[in-house]
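Down below is the structure, laid out as structure tokens.
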């Protein structure tokens with residue numbers, strides 16, 4: 071329950087950053103997506119039930135603040151959380167570099183899913199004209215933001231238990247390695 | 613007599629000298645514009661000394677005031693800096709108000725031309741994703757807004773309301789990929805549908821024999837019932853005609869600068 075509340079609060083802070091703070095300083099393509107980072111993190115670090123719940127919850131929050139139909143990001147983030155959960159048992163999730171690589175992969179997967187769903191279901195053909203040129207900037211923005219978060223976490227957390235945990239950024243779930 | 617003179621010699625001399633000075637003064641009163649030889653000599657002699665003395669006094673005073681006696685200079689400096697900061701802040705605020713006033717005047721003038729009731733609103737947020745183009749405004753259902761209401765700026769069409777809450781609304785911009793607005797080329801009345809490309813627009817279904825040129829203004833056609841007829845949307849930037857295509861490929865730049873959008877007008881009334 072505590073973890074759920076932490077994800078909820080983090081999600082609300084993230085959406086506030088995305089909708090009201092980043093637009094003041096960054097063009098659309100260069101705005102990072104902290105919610106996506108949270109979803110991937112939840113997929114890698116928690117149980118499957120938590121990953122699914124967090125994916126749906128954060129997807130609903132993102133849907134409320136973007137586009138015009140509830141459900142698009144619920145679907146996308148749920149897929150991302152499940153994919154991350156499946157990969158967590160097969161990869162060395164302790165590695166920060168790998169985490170950033172997964173964020174890059176997650177960003178690509180998100181763009182592809184959004185593009186396909188909008189084109190097929192919403193008849194929004196021109197969305198690919200917006201999405202495709204933005205891929206490099208989006209990947210770069212998300213990876214850099216993850217790196218920035220990682221730096222902040224390791225600098226602010228005192229050496230010891232928290233910092234050792236931060237090396238991998240992840241706390242392993244009970245199912246890890248099962 | 614001699615004894616008397618000798619006895620009062622001093623007083624007599626004083627009286628004589630007094631009378632002499634009175635006579636001298638009386639004489640000089642009539643010669644105001646002339647400088648006597650004596651005066652010239654004294655002044656000439658004294659001038660260098662006066663000048664040197666004056667410089668010395670000035671230098672000493674400056675030294676004292678500017679370098680030695682600085683007891684309250686720091687405090688005064690702090691106070692002046694504070695006043696300076698406050699005045700700068702007031703100036704910036706005033707400049708901001710003047711600019712806002714200009715923008716609102718333009719907006720009001722634009723809406724006056726429409727002859728329809730409109731409600732001003734401020735942009736308070738943007739879309740949380742990078743592909744969708746929506747904004748959030750600070751007026752909602754409580755202000756009488758409804759889903760589908762057209763939103764305009766002083767430069768043209770902004771979009772239409774797609775979500776509504778009591779005190780805020782989400783506006784779908786014309787640059788969003790899912791936005792489609794029926795338009796006319798103002799010069800030739802060629803019809804088409806404008807769709808969003810993120811930062812620009814594309815004109816679809818413009819027949820290949822339609823006369824469209826770079827720089828043509830696209831205005832709303834009024835079809836569809838959302839936007840009033842004649843509102844500017846964009847300026848044509850490129851026109852391509854494919855050999856085998858039925859339609860021309862036309863791209864346009866929006867007349868509204870969406871990156872600097874702060875105030876908008878929501879059209880709430882019907883045609884008057």
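Chains as they are written, first to last, in the working numbering: chain W, 71 to 248; chain U, 613 to 884.
Positions of the beta carbon are idealized from the N, C-alpha and C atoms, including for glycine.
Residue range of the unbroken alpha helix (DSSP H) whose run includes residue i
i, result
"residue 636/U", "621-641"
"residue 167/W", "166-191"
"residue 82/W", "72-86"
"residue 728/U", "Looking at the DSSP string, residue 728/U is not in any alpha helix (DSSP H), and its letter there is neither H nor E."
"residue 98/W", "That residue, residue 98/W, is in no alpha helix (DSSP H); it is neither H nor E in DSSP."
Residues that residue i contacts on chain W, provided the C-beta gap is smaller than 9 Å
i, result
"residue 739/U", "88, 89, 93, 98, 135, 136 and 137"
Per-residue contacts from residue i into chain W (C-beta, under 7 Å)
i, result
"residue 775/U", "138"
"residue 744/U", "136 and 137"
Delimiting residues of the beta strand (DSSP E) encompassing residue i
i, result
"residue 880/U", "Run containing residue 880/U: none; DSSP gives neither H nor E here."
"residue 112/W", "No beta strand (DSSP E) holds residue 112/W; the alpha helix (DSSP H) holding it covers 104-115."
"residue 225/W", "Unbroken run through residue 225/W is the alpha helix (DSSP H), 197-226; no beta strand (DSSP E)."
"residue 647/U", "First-last for residue 647/U: undefined, no H or E at that position."
"residue 861/U", "860-866"
"residue 852/U", "844-853"
"residue 816/U", "813-816"
"residue 832/U", "829-832"
"residue 804/U", "803-808"
Listed by chain order, chain U residues near residue i by CB distance under 7 Å
i, result
"residue 192/W", "790"
"residue 85/W", "740"
Whole-number beta carbon distance between residue j and residue i, since they are thought to touch under 8 Å
i, j, result
"residue 835/U", "residue 794/U", "4 Å"
"residue 806/U", "residue 845/U", "6 Å"
"residue 780/U", "residue 752/U", "5 Å"
"residue 742/U", "residue 180/W", "Not confirmed; about 10 Å, so no contact."
"residue 749/U", "residue 729/U", "With a Cβ gap of about 17 Å, residue 749/U and residue 729/U do not count as contacting."
"residue 112/W", "residue 151/W", "6 Å"
"residue 116/W", "residue 73/W", "7 Å"
"residue 862/U", "residue 761/U", "The pair is not a contact, with the Cβ atoms about 28 Å apart (cut-off 8 Å)."
"residue 144/W", "residue 129/W", "4 Å"
"residue 215/W", "residue 102/W", "4 Å"
"residue 788/U", "residue 746/U", "7 Å"
"residue 849/U", "residue 820/U", "Not a contact, Cβ separation roughly 19 Å."
"residue 93/W", "residue 738/U", "4 Å"
"residue 759/U", "residue 773/U", "6 Å"
"residue 136/W", "residue 744/U", "5 Å"
"residue 768/U", "residue 843/U", "6 Å"
Contact list for residue i against chain U, beta-carbon separation under 8 Å
i, result
"residue 120/W", "Going along chain U, no residue has its Cβ under 8 Å from residue 120/W, so there is no contact; the nearest lies around 23 Å."
"residue 155/W", "Result: empty, since nearest Cβ-Cβ is about 23 Å, beyond 8 Å."
"residue 225/W", "What residue 225/W touches in chain U: nothing, since even the nearest Cβ is about 27 Å away."
Exercise. Could you tell me which uninterrupted alpha helix (DSSP H) segments, each at least 4 residues in length, are contained entirely in the stretch 654-718 of chain U, listed from first to last along the chain?
Key: Within the stretch 654-718 of chain U, no complete alpha helix (DSSP H) run reaches 4 residues.
Practice problem: Would you mind listing the beta strand (DSSP E) stretches within the stretch 749-791 of chain U that are 3+ residues and don't spill past its ends, in chain order? | Solution: Here the runs fully enclosed are 762-765, 768-776 and 781-785.
Practice problem: Could you please tell me which residues of the stretch 196-215 of chain W, in chain order, have their CB closer than 7 Å to any CB of chain U? | Solution: 196, 197, 199, 200, 201, 204 and 208
Quiz item: If contact means a Cβ-Cβ distance below 7 Å, which residues of the stretch 796-816 of chain U contact chain W?
Solution: 807, 808, 809, 810 and 814
Exercise. Could you pull out every unbroken alpha helix (DSSP H) segment of at least 4 residues lying fully inside the stretch 121-173 of chain W, listed in chain order?
Key: 142-158
Exercise. May I ask you to list, following chain order, the residues of the stretch 755-786 of chain U that have a beta carbon less than 9 Å from some beta carbon of chain W?
Key: 774, 775, 782 and 784
Self-check item: chain U contacts made by the stretch 157-187 of chain W, where a contact means CB separation under 9 Å
Solution: Across the stretch 157-187 of chain W, CB contacts with chain U closer than 9 Å involve 181, 184 and 185, in sequence order along the chain.
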